[in-house]
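Asker:
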Amino acid sequence: MGFARKVLTIVRKDIAAELHTREMVSAMLVFALLSLFVFSFALDLQGNVAEAAAPGVLWATVAFAGMLGLSRSLAREQLSGCLDGLLLAPVDRSAIFFGKAIGNLVFMAVVEVALLPLAAALFDVPLLRPGILLVFVIGTGGYAAVGTLLAAIAVNTRAREVMLPILLLPLAVPLLIAAVRATALLVEGGALAEAEGWLQLLVVYDLVIVAVSLLTFGCVVEE
Amino acid sequence: MPRRWSLRSSPPLLPRRERGLWGEGQLAYMIETLALRKSFGPRAALDGIDLRVEAGEFVALLGPNGAGKTTLLRILATLTRPTSGSARVAGADLAKACQEARRRIGFLSHRTLLYDDLTAEQNLEFYARMYDVPGAATRIGELLERVGLTARRAELVRTFSRGMQQRLALARTLVHRPTVLLLDEPYGGLDPLATRVLSDLLAELAGEGGATVVLTTHDLGQGLALAGRVVVLSRGRIVHDAPSRELEAGSFPALYERLTA
Amino acid sequence: MRRGMDVAGLALALASAALVLVALLMAFLYAPREATMGEVQRIFYFHVPSAWVGFLGFFVTFLAGIAYLARGKRIYDIIALSSVEVGLTFICMAVLTGPFWARPVWGTYWTWEPRLTISAIQLLVYIAYIMLRSASDNPGAGARFAAVYGIVAFVTVPLSWFAIRWWRTIHPDILTGGEGMATTPRMTQTLMFTLLAFTLFYVTLVRQRVRIERAADEVARLRTEAGGR
């Protein structure tokens, strides 16, 4: 009964667990807000400076807050050996990957839904345009995918959560550059066609990452 | 008086083709390993295990720490891959048809494999869906009653005591009606109620239910009470394999001492 | 493990030494003085090949990682980690010589020039790889994780390259390496020769490192056996 059904079961399970405690998403959200404030003070973001810096600040914030969620989500599977529970079941390892990655994407999206309007108001920058939302969807998707794979590795090391930023950030460089550039172009009032090159890079990144993750996730979780 | 149920009393789960696979019976062994080896770097945890378990047998797998009991069980449960050698569980070769094997294996260890942030019911629902269990709602209700957790079904697992968690873990193990049960030190840290529930259920499943059970334990007493056969592992090898009735109650501890020295 | 002198290793070492020496001489004597930048431009003959060999090391790690996940043989894991260690050294050289060249020529230590930036990113990935290996308790798991990381990291490098290049074309502030220089055939020859010398040097070092690791494995194995008795 359906690969897709099992993927959804895993996603629903993560959402249900989060609904009971709400600790992860709230931590991500508070961290994201604090991050915005710190950047504002540190870079003295007002007026024109704010408009130029906003895309970068926003994506940096999303990247860092995302890592909190990624670590937590994979750590949850480690508690009480739940990952073994998933591996015991007759389910493709790639379904486990998709389930976790989509779950992580959902949580990051929830944080972004709160973050974008706030940043738009704080920096006086038009962020709620369809083009920009598209960039966020594609960008966050890729980040959730590569993050899930690497968090699955990080959570098995002695350093645990501390390992994830070290592993993830160098690999997220192309995604972050493309996402920031595309957002900046669209914020300045450019049409979607101008940001096309960057969007294409994002899509290619997403596809490559998902392909590699599907091939290697099994090796990460299984002995 | 808890309602008695067994694996056979439930409606047949397996499609006709698969039942034929065992029904016409040339399923020689339920568990079969051949020259199974597992190394972690230079250290060999298992050094050539040849084990054959027939359907319906209850095997107690004993041995000191580091003997390889957990490694062997994890390989049989498809959680770990052997370095060399082969294994078949419930007619499925673990290297080639491991998904098939997984449907028929239930694994219980001292780690509960339960999500703390979900309710008892949600945990069982999750696993029921992952195993494609039909009639999940009824099944879950039955199981919860059997382990005595119906009253706590809508509470988060993190609020449960260790004994309650292990009872729920037992329910999780059985949700998909496995025919092979692999239990890795399941009695660890249990309160008397949970111990009794576990023992009762095992006795039922093994007896009337016809399940094949392999149980590892430190506790010689528990191991011998239920088992029909005793296998002792030491330093990755089988050093003793005999029906438990051949052992006189008093002499086993001394024998064990010698075997594992 | 064959005892006795490692003839092949000695030959390789001597050949590498000879080639590197000749490369040095070529870089300082054979190659002409560059028109605009002067003598400092000669760093180019070490900076660029270092970056290339660093990337080669990464590529070898990528291939070794795939082989390890596919076959599970320890030798592939050893090759991967040896290549990372040696590659890291070369990438460090590339990243360090960059500023030495940039400062006198362009007046700043660091430029976000694509080649330099991509070398810096590779440096960070190498470091992450090494940290990952040392942070794993179980050596088998550590090898698996490192192999996966090596593979994923490698495929993002071309993507990083394109992203950085497009980004810098939007904000070009400093002339990129090759374009700013007038190249003559002698310069190209020197560059190619230095590249050859460094590649051979890389092979020698990796081979040595692999031998050391295999010897270490052998020692561990003998210890375990002796301990067991």
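Protein chains in written order, with numbering that gives the first Met the number 0: chain A, 0 to 222; chain B, 0 to 260; chain C, 0 to 228.
The C-beta atom is built at its ideal place from N, Cα and C for all residues, glycine as well.
All of these numbers come straight from a predicted model, not from anything done at the bench.
(1) Which first and last residues belong to the alpha helix (DSSP H) in which K5/A is found?
(2) One question on the structure: do P81/B and L35/B come within less than 8 Å of each other, judged by their Cβ atoms?
(3) Pull up the distance between the alpha-carbon of V132/B and that of K5/A, whole angstroms please.
(4) With T32/B as the anchor, note down where its beta strand (DSSP E) starts and where it stops.
(5) For F200/C, collect the residues of the same chain with a Cβ closer than 7 Å to its Cβ; drop the 5 residues on either side in sequence, then sort them by chain order.
(6) With a CB to CB cut of under 7 Å and the five nearest residues on each side skipped, what residues in its chain are close to L201/B?
(7) Return the bridge partner residues of D183/B from the DSSP annotation.
(8) Can you name the residues that DSSP bridges to G37/C?
(9) Could you tell me whether any Cβ in chain A is nearer than 8 Å to the Cβ of Q121/B?
(10) Counting only the same chain and skipping the five closest in sequence on each side, list residues whose C-beta sits under 6 Å from that of Q40/C.
(11) For R244/B, decide whether its Cβ has a neighbour in chain C, counting only Cβ atoms nearer than 8 Å.
(12) Can you list the alpha helix (DSSP H) stretches of 4 or more residues lying completely in the segment 121-171 of chain B, in chain order?
(13) I173/C CB to nearest chain A CB: under 8 Å?
(14) Enumerate, from N- to C-terminal direction, the unbroken alpha helix (DSSP H) stretches of 4 or more residues contained entirely within the segment 109-168 of chain A.
(15) Can you give me the C-alpha to C-alpha distance between A69/C and L214/A, rounded to a whole angstrom?
(16) Does any C-beta atom of chain A lie closer than 8 Å to the C-beta of W21/B?
(17) Suppose contacts are defined by Cβ-Cβ distances below 8 Å. Is T118/B in contact with R166/B by that definition?
(18) Does M23/A pass the burial test, meaning 16 or more other C-beta atoms within 10 Å, or should it be called exposed?
(19) Go to A16/C, then tell me how far its alpha helix (DSSP H) extends in each direction, as first and last residue.
(20) Could you round the C-beta distance between I48/B and L78/B to whole angstroms and report it? I think they count as a contact, below 8 Å.
(21) Name the one or two DSSP bridge partners that F239/B has.
(22) Does any C-beta atom of chain A lie closer than 8 Å to the C-beta of L123/C?
(23) Name the DSSP beta bridge partners of D46/B, please?
(24) Taking 8 Å as the threshold (beta carbon to beta carbon), is R42/B in contact with chain C?
(25) Evaluate the contact criterion for the segment 193-202 of chain A versus the segment 130-143 of chain A: three or more CB pairs, one atom per stretch, below 8 Å.
(26) Quickly, what does DSSP pair F57/B with across the bridge? List them, please.
(27) Roughly how many whole angstroms lie between the Cα atoms of S108/B and W58/A?
(28) Say whether chain A places a C-beta atom closer than 8 Å to the C-beta of I163/C.
(29) Considering only C-alpha positions, which residue in the set M36/C, A79/C and G53/C is nearest to G149/C?
(30) Is it right to say T223/C is buried, meaning 16 or more other beta carbons lie within 10 angstroms of its own, or is it exposed?
(31) According to DSSP, is R51/B part of a helix, a strand, or is it coil?
(32) Report the residue from I42/C, T88/C, A12/C and A140/C whose alpha carbon sits nearest the alpha carbon of G265/B.
(33) Can you tell me which of the three DSSP states G3/C falls into?
Answerer: Taking the structure as given:
(1) First-last of the alpha helix (DSSP H) with K5/A: F2 to T20.
(2) In this structure, L35/B lies closer than 8 Å to P81/B by Cβ.
(3) When rounded, the distance between both Cα atoms is 12 Å.
(4) Unbroken beta strand (DSSP E) run through T32/B: I30 to F39.
(5) Counting only Cβ-Cβ distances below 7 Å, and skipping sequence neighbours, we find S15 and V19.
(6) In the same chain as L201/B, and ignoring 5 residues on each side of it, the C-beta atoms closer than 7 Å to its own belong to V212 and L225, in chain order.
(7) Its beta-bridge partners are S108/B and T215/B.
(8) Looking at the DSSP assignment, G37/C forms a beta bridge with E33/C.
(9) Cβ-Cβ to chain A under 8 Å: yes for Q121/B.
(10) Around Q40/C, the same chain offers E33 as residues with beta carbons nearer than 6 Å, after the five sequence neighbours per side are excluded.
(11) It does not; no Cβ of chain C falls within 8 Å.
(12) Unbroken alpha helix (DSSP H) runs of no fewer than 4 residues, entirely contained in the segment 121-171 of chain B, are found at 135-145, following chain order.
(13) Legend: pLDDT at I173/C = 44, less than 50; position of this residue unreliable, no value from coordinates given.
(14) DSSP runs (the alpha helix (DSSP H)) wholly in the segment 109-168 of chain A: 129-153.
(15) If I take the Cα positions, the gap works out to 11 Å.
(16) A caution first: W21/B carries a pLDDT of 40, below 50, which makes its placement in the model unreliable, though a value can still be read off. Cβ-Cβ to chain A under 8 Å: no for W21/B.
(17) In this structure, the beta-carbon distance from T118/B to R166/B does not fall below 8 Å.
(18) The residue in question, M23/A, is buried, as its Cβ has 16 or more Cβ neighbours within 10 Å.
(19) Its alpha helix (DSSP H) spans residues V6 to L24.
(20) For a cut-off of 8 Å, the C-beta gap from I48/B to L78/B is around 16 Å, too long to register as a contact.
(21) Note that residue 239/B is His in the sequence shown, not Phe. Answer is V231/B.
(22) True, the Cβ-Cβ gap to chain A drops below 8 Å.
(23) R36/B, per the DSSP bridge assignment.
(24) Yes, because at least one Cβ of chain C sits closer than 8 Å to the Cβ of R42/B.
(25) Touching, yes.
(26) According to DSSP, which records beta bridges pairwise, F57/B is partnered with V212/B.
(27) Roughly 43 Å separates the two Cα atoms.
(28) Yes, its Cβ sits closer than 8 Å to a Cβ of chain A.
(29) Put simply, of M36/C, A79/C and G53/C the residue whose alpha carbon is nearest the alpha carbon of G149/C is A79/C.
(30) Exposed: under 16 other Cβ atoms inside 10 Å.
(31) It is a strand residue.
(32) Because chain B spans 0 through 260 in this model, residue 265/B falls outside it and cannot be assessed.
(33) Per DSSP, reduced to three states, the secondary structure at G3/C is coil, with no helix or strand assignment.
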